[in-house]
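So the structure is just underneath, and the comments pick up after that.
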Amino acid sequence: MTDERLERFEANRRRLFSVAYRLLGEASEAEDVVQDAYLRWERAEWAVSPEAWLTKVVTNLCLDRLTSARARREAYVGPWLPEPVATGAGALDPLETVQQRESVSLGMLVLLERLTPPERAVFVLREAFGHSHREIADILDVTEPHVRQLYRRSRQHVAAAHKRFTAPPEQHRQLLERFLDATLTGDVPALERLLADDVVAWADGGGKAPAVRHPVAGRTAVLRHLLAFTRYAPRIRMTPDVVNGASALLVHLDGALSGVTVVEFDGDRISTIHTIANPDKLAFLAKQRM
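Numbering (full-length UniProt numbering), first residue to last: 1 to 290.
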């Protein structure tokens, strides 16, 4: 490969990873897809638009993987959550707009599991990367009217289940710190004030780490669930971070990264808690934080 071709690929690597991650919800798989695209780029003839060519290759590689991924996730032990990715370093650009930030949130990535692979591809390419219907049609090798139909269906599915919260990041950070202090000290009144009546806690252990295998719903049940962690308080260190564009806590048990908790707020109340404890899903984030 010539230096020019290599430089052109490297200039697109981060964007290609961002596309693949949004489509798959798995950072390790996204890295594999980008590597496969590199190997194809290495052997291919020079494209008129390398960016468009690479986007098409990555998108279609992801569509192939999504079909088999759905079967694996149906057999997954407990709730399936995406692999967390630290977003402060720009790994999941672009994140300039509300839609782009939401497209990498854990809640949105879980919601996108409801879409068919083509619907998911159209939604991501349109919402997060601003591709036109014509460009998406070229990427997927379908007609433009079909793309418009897929986009309309995907928007309807997402809108029916998605609530948008727009509290300022600074407010999120302050609420997260209050949640951290209350959780570690077992401050029941403080936690009761922070938790919404209909709060839901999800935990992904994948059968490889201790985690509840069903969602915990309601303030009383979630409070009881959180207080169970106080017995580990002397061994736990929690640090605030930004993961998938949202306020998060990195949980270290005896010095090793053992979980990531991402908290979603509705106003000044916690509406959703996502915790990823499956060690396989923490490897990418641990590498980011080395």
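All residues carry an ideal CB built from backbone N, CA and C; glycine is no exception.
Selected residue, minimal CA-CA separation from residue i, among the options
i, options, result
"residue 209", "220, 282, 231 and 161", "282"
"residue 265", "289, 193 and 32", "193"
"residue 211", "198, 275, 73 and 241", "275"
"residue 127", "67, 108, 141 and 142", "108"
"residue 225", "234, 14 and 213", "213"
"residue 155", "125, 86 and 237", "125"
"residue 217", "258, 273 and 244", "273"
"residue 219", "26, 23 and 190", "190"
"residue 170", "66, 43, 111 and 247", "247"
"residue 203", "250, 38 and 81", "81"
"residue 24", "60, 259, 137 and 249", "60"
"residue 4", "46, 22, 40 and 147", "46"
"residue 75", "207, 269, 230 and 288", "207"
"residue 180", "134, 157, 239 and 201", "239"
"residue 184", "28, 253 and 39", "253"
"residue 138", "48, 263, 56 and 44", "56"
"residue 31", "151, 8, 83 and 198", "83"
"residue 199", "115, 122, 267 and 26", "267"
"residue 18", "58, 2 and 44", "58"
"residue 176", "263, 52, 2 and 22", "263"
"residue 331", "241, 149 and 182", "Past the boundaries of the shown model lies residue 331; the chain is included only from 1 to 290, so the question cannot be answered."
"residue 69", "113, 132 and 284", "113"
"residue 42", "16, 22 and 8", "8"
"residue 95", "22, 173 and 26", "22"
"residue 148", "284, 132 and 38", "132"
"residue 39", "6, 85 and 86", "6"
"residue 157", "14, 140 and 111", "111"
Integer Cβ distance of residue i from residue j, believed to fall under 8 Å
i, j, result
"residue 117", "residue 63", "5 Å"
"residue 79", "residue 215", "7 Å"
"residue 29", "residue 73", "Their Cβ separation, rounded to whole angstroms, is 12 Å, which puts residue 29 and residue 73 out of contact at 8 Å."
"residue 222", "residue 195", "6 Å"
"residue 151", "residue 123", "7 Å"
"residue 285", "residue 77", "With a Cβ gap of about 20 Å, residue 285 and residue 77 do not count as contacting."
Start and end residues, alpha helix (DSSP H) containing residue i
i, result
"residue 41", "27-43"
"residue 183", "169-185"
"residue 83", "From DSSP, residue 83 is part of no alpha helix (DSSP H); its letter is neither H nor E."
"residue 157", "144-161"
"residue 214", "Note, residue 214: premise wrong, no alpha helix (DSSP H); not H, not E."
"residue 72", "50-74"
"residue 130", "Premise fails: residue 130 is in no alpha helix (DSSP H) and is neither H nor E."
"residue 306", "Nothing about residue 306 can be reported from this structure: the residues present for the chain run from 1 to 290 only."
"residue 108", "106-112"
"residue 102", "98-102"
"residue 223", "219-227"
Cα-Cα separation between residue i and residue j, rounded to whole angstroms
i, j, result
"residue 50", "residue 120", "23 Å"
"residue 10", "residue 33", "14 Å"
"residue 92", "residue 227", "33 Å"
"residue 261", "residue 71", "26 Å"
"residue 168", "residue 105", "16 Å"
"residue 103", "residue 290", "26 Å"
"residue 251", "residue 233", "11 Å"
"residue 271", "residue 35", "37 Å"
"residue 291", "residue 235", "A question about residue 291 goes unanswered here, because the residues of the chain that appear run from 1 up to 290."
"residue 269", "residue 99", "22 Å"
"residue 258", "residue 115", "30 Å"
"residue 306", "residue 88", "What is shown of the chain runs 1 to 290, which leaves residue 306 out entirely."
"residue 243", "residue 90", "11 Å"
"residue 53", "residue 20", "14 Å"
"residue 277", "residue 48", "44 Å"
"residue 159", "residue 2", "46 Å"
"residue 67", "residue 187", "45 Å"
"residue 173", "residue 241", "9 Å"
"residue 142", "residue 44", "23 Å"
"residue 13", "residue 178", "38 Å"
Opposing strand residues paired with residue i [DSSP bridges]
i, result
"residue 252", "237 and 257"
"residue 262", "248 and 274"
"residue 195", "270"
"residue 204", "276"
"residue 243", "86 and 246"
N- and C-terminal bounds of the beta strand (DSSP E) containing residue i
i, result
"residue 271", "269-276"
CB contact below 8 Å: residue i versus chain D
i, result
"residue 148", "Here chain D cannot be found, since the structure has a single protein chain."
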